[in-house]
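Residue numbers (this note's numbering), protein chains in the order written: chain A, 1 to 366; chain B, 1001 to 1366.
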């Protein structure tokens, strides 16, 4: 037998800028043209954004090739939608000199970023998140992907954006329920990274709910700093990035079990309370912390208990399918206090046995 | 407007070993288990390999989750097949601790490698190429992907194998036409990288066609050295790697225009003659070189002229859609002599105008 060793050099480091402001949409394509001199833009968006007038606001007088995801939302987050986008890019004669502009919420960003990663083995994507959830979370960090018929974000790629534009003006057209659910990733960020930020959310919640632009820009900045810091240290989720998964192991199972009756943020809200209950069970810190979390979530207006119709054995089954599971059981991210991850040696995720999770799920029915 | 800069660190360098020998298949899964201690293997293969007994040879007494691509060949190289593989991996309860084993020719390797790149945002793939084409080319280098309805390899990812096993014994069951077509990437390698290798192919062609194991192992080693060298220098096709595209710009168009009546190697054979005709047209080196190429290709038994039924305007249309095209026209890799790429400054690909290509296509009808 002959052996031959092939060396693969490191893929070069890079970076991108997040710009946060009001009314950025109208000048955005000019900025993209300036940054990618020879590139042709291709916009991916969804019906909600078209109806809210944001696609027109972005394009102005220009005619730009685009794809409108129909229907909007998680049901379209499939390989079939990605394939349709890719074929539509082919039909428009696009080449490697394409830059994808993802205009929309987290679903649009995940799908469009994934399509950009696959088209001609990868073209740049500019993320333009238009929801609180996307501005707080999904537009930064380079995770893209779609759901399988069995689990969320089962298929995807790491594909960092070439740039991110956050126009808080776009939040004005977000529906009330979506807006409230969108705040939950901000709560999660505060819980895992910054006790002062948690207090800020408590004290500024009314202004946030009134959608005051300056407070929204501040929230976006705080979120991007936290998310960006974690992503810089661990871009492909080897270890530290797992802390972003706080509340998501139970949360994702709840989201799938609800068959997307619950919004992502609503399911994660239940997941955050679930994480808190595990912490109480294991004696991590003060039980009053969970009271503050529940109070904030209730004031935001999201569920903090499991729907009675949701069977615990179904949730256990879905937790086994978690994409971070090894040997059919995932590990859980937990905190000792706001901003203090409970570490076990160098690990940010802990083994928690099935019996404990079953106990916690039973308590989550409220 | 507030700005925040996010730094993305370089993705770590790595490497993999190519092992070449006879009868490696039977011990391969033991080697994979040893290298990936906790991982669960998932085999992707096609009907041809099953019929030839190679899947049984690989699995032995074990029961391993697997996916059989049906029908075999380019027609299955679609997003739909990748989606079916991914869903089948989900249904088998596989997680991030999966290692995909790609047992088959170039199509299987491309599809399986692509599925591995996407499953849970990426799991390792072990390439086990079973055809000359795959052993010479596609198993090394990390290019994976599928075709669109309009062009070849339109969608994909760079995903380097974790290991490559070349068992020349598997070549015994390759059908004659496929075997002959499979030699063409070796001819291309010799043309772009090694004049002595071209002479070796001329002098050892009878032994190669008799499928003598020691000569086949030598051919595999020479091919992997050439391919591996280029890939090490340029893993994501920024510049030098383009030389591997020699003969492929016309070749891919011919392959698509034939609606896959022509095998990849057969189309590339025509593409190699096409590249030679461009070189003659531009006065690059000695015209006798093209005679040697034509003679070797004829002895191998592949076409060296375009089918009369293939319209030149259709080929021009497909060349415009080449995935390396910028502004709807690709550049061409050309040589001054065997092993000597014609460089223009630091560029390995040249601008050749449409009129020259039209002249060359007219001559390619023989």
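Where is the CB? At the ideal position from N, CA and C, for every residue including glycine.
Does any residue of chain B bring its CB to less than 8 angstroms from the CB of residue i?
i              : result
residue 97(A)  : yes
residue 346(A) : no
residue 138(A) : no
residue 200(A) : no
residue 170(A) : no
residue 208(A) : no
residue 215(A) : no
residue 124(A) : no
residue 6(A)   : yes
residue 32(A)  : no
Counting only beta-carbon separations shorter than 8 angstroms, does residue i have a partner in chain A?
i               : result
residue 1332(B) : no
residue 1160(B) : yes
residue 1117(B) : yes
residue 1155(B) : yes
residue 1152(B) : no
residue 1020(B) : yes
residue 1302(B) : no
residue 1358(B) : no
residue 1087(B) : yes
residue 1328(B) : yes
residue 1091(B) : yes
What are the partner residues of residue i, as DSSP defines its beta bridges?
i               : result
residue 71(A)   : According to DSSP, which records beta bridges pairwise, residue 71(A) is partnered with nothing at all.
residue 1335(B) : 1341(B)
residue 1348(B) : Per DSSP, none; premise fails for residue 1348(B).
residue 119(A)  : 1155(B)
residue 15(A)   : 1007(B)
residue 45(A)   : 68(A)
residue 1127(B) : 1102(B), 1164(B)
residue 40(A)   : 98(A)
residue 145(A)  : 156(A)
residue 1020(B) : 2(A), 1166(B)
residue 1326(B) : 1329(B)
Work out the CA separation of residue j and residue i for me, nearest whole Å.
i               : j               : result
residue 1058(B) : residue 1320(B) : 42 angstroms
residue 160(A)  : residue 1297(B) : 44 angstroms
residue 1204(B) : residue 91(A)   : 45 angstroms
residue 322(A)  : residue 280(A)  : 23 angstroms
residue 134(A)  : residue 49(A)   : 14 angstroms
residue 267(A)  : residue 291(A)  : 18 angstroms
residue 1326(B) : residue 89(A)   : 14 angstroms
residue 1233(B) : residue 1240(B) : 7 angstroms
residue 178(A)  : residue 1098(B) : 36 angstroms
residue 363(A)  : residue 310(A)  : 13 angstroms
residue 1170(B) : residue 1216(B) : 11 angstroms
residue 1287(B) : residue 1072(B) : 39 angstroms
residue 149(A)  : residue 349(A)  : 27 angstroms
residue 308(A)  : residue 144(A)  : 32 angstroms
residue 247(A)  : residue 168(A)  : 26 angstroms
residue 1039(B) : residue 347(A)  : 20 angstroms
residue 262(A)  : residue 318(A)  : 16 angstroms
Residue i and residue j: beta carbons closer than 8 angstroms?
i               : j               : result
residue 1124(B) : residue 1139(B) : no
residue 202(A)  : residue 137(A)  : no
residue 108(A)  : residue 42(A)   : no
residue 1299(B) : residue 1329(B) : no
residue 1113(B) : residue 1231(B) : no
residue 1(A)    : residue 1221(B) : no
residue 187(A)  : residue 272(A)  : yes
residue 1275(B) : residue 1334(B) : yes
residue 1074(B) : residue 1284(B) : no
residue 157(A)  : residue 339(A)  : no
residue 1003(B) : residue 18(A)   : yes
residue 81(A)   : residue 69(A)   : yes
residue 386(A)  : residue 126(A)  : An answer regarding residue 386(A) cannot be provided, because it is not within the stretch 1 to 366 covered by chain A.
residue 151(A)  : residue 256(A)  : yes
Within 10 angstroms of the Cβ of residue i, are there 16 or more other Cβ atoms? Answer buried if so, exposed if not.
i               : result
residue 1264(B) : buried
residue 46(A)   : buried
residue 62(A)   : exposed
residue 344(A)  : exposed
residue 253(A)  : buried
residue 1229(B) : exposed
residue 1242(B) : buried
residue 366(A)  : exposed
residue 1176(B) : exposed
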